[in-house]
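Numbering (numbering that gives the first Met the number 0), first residue to last: 0 to 377.
The beta carbon of each residue, even a glycine, is placed where N, CA and C say it ideally should be.
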Amino acid sequence: MSFGIAIGPREDKSPFFDATVAAGAASFTIYNHTYMPVSYGDPEGEYWRLINAVSLWDVAAERQVEIAGPDAGAMVRYLLPRDLSGCKSGQGKYVPMCDHAGRLINDPVLLKHAEDKYWLSIADADVQLWARAIAAERGFDVEIRDPGAAPLAVQGPKARPLIRDLFGDWVLDLKYFWFEATSIQGIDVIVARSGWSKQGGFELYLLDPERGRELWDVVFDAGQSYGIGPGAPNYIERVESGLLSIGADTDDDTNPFEVGLGRFLDLEREDDFVGKQALIQLKEDRRRRLVGLFIDGPPLSPNQHPWRVYKDGKRVGSVRAAAFSPRLQKNIAMTTLDFALTDEGTAVEVDTEFGARTGHATTLPFITPPVTPPKSET
0 MSFGIAIGPR
10 EDKSPFFDAT
20 VAAGAASFTI
30 YNHTYMPVSY
40 GDPEGEYWRL
50 INAVSLWDVA
60 AERQVEIAGP
70 DAGAMVRYLL
80 PRDLSGCKSG
90 QGKYVPMCDH
100 AGRLINDPVL
110 LKHAEDKYWL
120 SIADADVQLW
130 ARAIAAERGF
140 DVEIRDPGAA
150 PLAVQGPKAR
160 PLIRDLFGDW
170 VLDLKYFWFE
180 ATSIQGIDVI
190 VARSGWSKQG
200 GFELYLLDPE
210 RGRELWDVVF
220 DAGQSYGIGP
230 GAPNYIERVE
240 SGLLSIGADT
250 DDDTNPFEVG
260 LGRFLDLERE
270 DDFVGKQALI
280 QLKEDRRRRL
290 VGLFIDGPPL
300 SPNQHPWRVY
310 KDGKRVGSVR
320 AAAFSPRLQK
330 NIAMTTLDFA
340 LTDEGTAVEV
350 DTEFGARTGH
360 ATTLPFITPP
370 VTPPKSET
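Following this line, the structure appears as structure tokens:
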């Protein structure tokens with residue numbers, strides 16, 4: 000069954016919107032109030048292009064929340080539970096964001112531009128409203144706005160030579176999550192070694208929204224010899240790689256420990272931050288965990304609804320992301336299970352849209368990524 004999505008002026012369009020339509024975008028979603036392409040009509044081709052070559056993604060819906068002003072540093076330290084004391088200008092950090100009860104509300108990448116200016120490159124949530132409320136309540140002297148930067152992702156094993164061709168050898172020296180301002184054919188961008196895949200790649204933050212079509216064409220033309228094609232954050236690859244998706248793998252009560260983000264929290268900090276006391280209490284939580292699941296039977300289509308998971312007739316979890324892995328030739332899923340059932344090999348029953356299936360718990364990721372940054376770079 001196929002569905003359409005109405006395109007109109009109410010939701011934002013990215014600077015690359017017209018380019019994606021011309022490239023054959025077949026399906027969109029709405030992410031951060033912005034239309035984002037999710038398919039170009041060839042799921043198998045788009046998957047293998049990301050795995051073997053290079054894929055070009057419009058991810059301008061990955062909006063930026065700029066926090067700037069005299070208290071910017073103090074503001075981000077209070078807002079985030081990760082220790083940012085060693086973060087340098089030009090460096091990014093993956094930073095879980097929690098509310099006062101320790102619930103996970105976003106997992107942005109923090110980009111430090113200067114001591115008085117930071118960006119939060121956010122997942123799908125109204126972080127700008129949250130940050131403005133925190134700033135007002137705490138009296139921080141900052142300005143919080145969307146700077147209008149629009150990321151264009153270049154992902155896949157051939158992204159490195161392509162980006163080198165476009166910018167020069169220096170880009171290969173960028174560490175994971177680090178970034179630098181530059182330009183290409185007069186188009187101002189920020190180049191970051193990042194992207195929501197485990198196949199390696201870069202994100203180009205377009206700084207002039209009027210030049211989206213130009214930037215798309217420059218990258219696309221340069222990528223022809225590398226087998227470039229249009230794509231989108233790939234559902235199957237992200238499940239294979241165990242990449243967390245806020246809102247898909249989480250619910251309104253998820254805490255960071257349940258989804259494997261405890262290593263990004265610095266609870267020993269002497270200073271206060273949002274959710275600190277709650278997170279200290281939750282550290283020993285043994286309620287549930289996000290794990291992988293191999294699901295028996297014929298290939299499954301991605302689930303349109305959460306699938307209930309049972310053990311001995313008792314509800315023990317929920318599958319919120321499932322797919323058939325072309326590389327493993329198995330059905331795989333990311334699921335939250337009762338903590339006692341998360342040992343590898345534990346059998347459960349999954350109530351899918353295609354009938355009951357047996358699943359077996361396993362560790363994440365399903366496939367070890369070919370590009371894994373050193374711990375010091377994350």
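Original post:
In chain order, which continuous runs of the beta strand (DSSP E) of length 3 or greater are located wholly inside the segment 17-43?
Top reply: 26-30 and 33-38
Original post:
Between Lys111 and the rest of its own chain, which residues show a CB-CB distance below 6 angstroms, the 5 nearest in sequence each way excluded?
Top reply: Cys86, Ser88, Gln90 and Tyr117
**OP:** Can you tell me which of the three DSSP states Glu10 falls into?
**Re:** coil
Original post:
By how many angstroms is the C-alpha of Val308 removed from the C-alpha of Leu289?
Top reply: 13 angstroms
Subject >> Proximity winner among Gln303, Pro255 and Ile294, relative to Gln280 (alpha-carbon distances) >> reply: Pro255
Subject >> Where the beta strand (DSSP E) through Lys174 begins and ends >> reply: Taken as a continuous stretch (DSSP letters only), Lys174 belongs to no beta strand (DSSP E), as it is neither H nor E.
Original post:
CA-CA distance, Met74 and Ser244?
Top reply: 25 angstroms
Subject >> Extent of the continuous alpha helix (DSSP H) to which Pro160 belongs >> reply: Ala158 to Phe166
Subject >> Phe293 - containing alpha helix (DSSP H), residue span >> reply: Segment Arg287 to Ile294 is the beta strand (DSSP E) holding Phe293; no alpha helix (DSSP H) there.
Subject >> Through-space distance from Val190 to Leu161, alpha-carbon basis >> reply: 13 angstroms
Subject >> Given 8 angstroms, three or more beta-carbon pairs between the segment 296-310 and the segment 327-344 >> reply: yes
Subject >> Distance CB(Glu43)-CB(Ile29) smaller than 8 angstroms >> reply: no
Original post:
Between Val141 and the rest of its own chain, which residues show a CB-CB distance below 6 angstroms, the 5 nearest in sequence each way excluded?
Top reply: Ile66, Gly68, Asp70, Ala71, Met74 and Ala134
Original post:
In terms of alpha-carbon separation, which member of Phe365, Ala18 and Ile6 lies closest to Glu209?
Top reply: Ala18
**OP:** For the beta strand (DSSP E) containing Val94, list its first residue and its last residue.
**Re:** Taken as a continuous stretch (DSSP letters only), Val94 belongs to no beta strand (DSSP E), as it is neither H nor E.
Subject >> Nearest-angstrom beta carbon gap, Lys157 and Ala52 [assumed within contact, 8 angstroms] >> reply: 5 angstroms
Subject >> For Ala322, the nearest candidate out of Phe338, Ala332 and Val315 (CA to CA) >> reply: Ala332
Original post:
Under a Cβ-count criterion, where at least 16 other Cβ atoms within 10 Å of its own Cβ denotes burial, should Thr371 be classed as buried or exposed?
Top reply: Any reading at Thr371 needs caution, since the residue's pLDDT is 43, under 50, leaving its predicted position unreliable; the model's value is listed next. Thr371 is exposed by the Cβ-count criterion.
Original post:
Under 8 angstroms, do Gly316 and Arg356 count as touching if we go by C-beta distance?
Top reply: no
**OP:** Please classify Gln127: is it buried, with 16 or more other beta-carbons within 10 angstroms of its beta-carbon, or exposed?
**Re:** buried
**OP:** With DSSP collapsed to three states, give me the class of Ser317.
**Re:** strand
**OP:** Consult DSSP for Thr377 and reduce its assignment to one of helix, strand or coil.
**Re:** Reliability of the predicted coordinates at Thr377 is poor, the pLDDT of 39 falling under 50, and the value obtained from them is presented with this limitation in mind. In the structure shown, Thr377 sits in coil (DSSP, three-state: anything other than H, G, I, E or B).
Original post:
Assuming Ile227 and Leu55 make a contact with CB atoms under 8 angstroms, what is their CB distance in whole Å?
Top reply: 6 angstroms
**OP:** Along the beta strand (DSSP E) that carries Lys275, what are the first and last residues, could you check?
**Re:** First-last for Lys275: Lys275 to Leu281, but that is the alpha helix (DSSP H), not the beta strand (DSSP E).
**OP:** Taking Asp220 as part of the alpha helix (DSSP H), name the residues at either end of that continuous run.
**Re:** Gly211 to Ala221
Subject >> According to DSSP, residues forming a beta bridge with Thr361 >> reply: Gly291
Subject >> Backbone CA spacing between Pro80 and Gln223 [nearest angstrom] >> reply: 43 angstroms
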